[in-house]
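One structure is given below, encoded as structure tokens.
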Amino acid sequence: MAPVACWHVSGGVDSVRRTAVVEGHVVSYEESGPAHGQVIVLLHGLASDSGTWDKAVAPLAERGLRVLAVDLLGHGRSDK
2 MAPVACWHVS GGVDSVRRTA VVEGHVVSYE ESGPAHGQVI VLLHGLASDS
52 GTWDKAVAPL AERGLRVLAV DLLGHGRSDK
């Protein structure tokens, strides 16, 4: 899917906000780090969103990991 927004996060790492359709529901997630890097998926807890991981995304991406911070359904920018 095409990026919805691109922004610069701390540490000089670019992040892209993307969306995917999963079983008819739009799920929003932040993607950062090299495309070829080992993937790490960050999931937030109840009553939260992917912003929980804002301070962790850049350091992980700088270490060569491809970071996906997901807004679970009913949270953040994902479908309610």
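Letter by letter, the sequence shown follows residues 2 to 81 in our numbering. For glycine and all other residues, C-beta sits at the position ideal for the given N, C-alpha and C. Since we're looking at a predicted model, the values are computed, not measured.
What do you reckon, are the CB atoms on L69 and E32 nearer than 7 Å?
It is a contact, given that the beta carbons lie within the stated cut-off.
Just the Cα atoms here: how many angstroms apart are D55 and L61?
11 Å
Below 8 Å on the Cβ atoms is my contact criterion, and I expect L73 with H45 to pass it. Report the Cβ-Cβ distance as a whole number of Å.
Confirmed, about 7 Å.
How about V58 and Y30: do their beta carbons lie closer than 7 Å?
no
Spatial neighbours of H76 within its chain, please: CB distance less than 6 Å, with the 5 preceding and 5 following residues excluded, ordered by chain position.
D50
Would you mind giving the Cβ-Cβ distance between V17 and D80, rounded to the nearest angstrom? I have them listed as a contact below 8 Å.
Actually they do not touch by this definition, with Cβ atoms about 19 Å apart.
DSSP puts H26 in a beta bridge; with which residues?
V23
For A21, which residues of its own chain have a beta-carbon under 8 Å away from its beta-carbon, when the five flanking residues on both sides are left out?
M2, V27, V28, Y30
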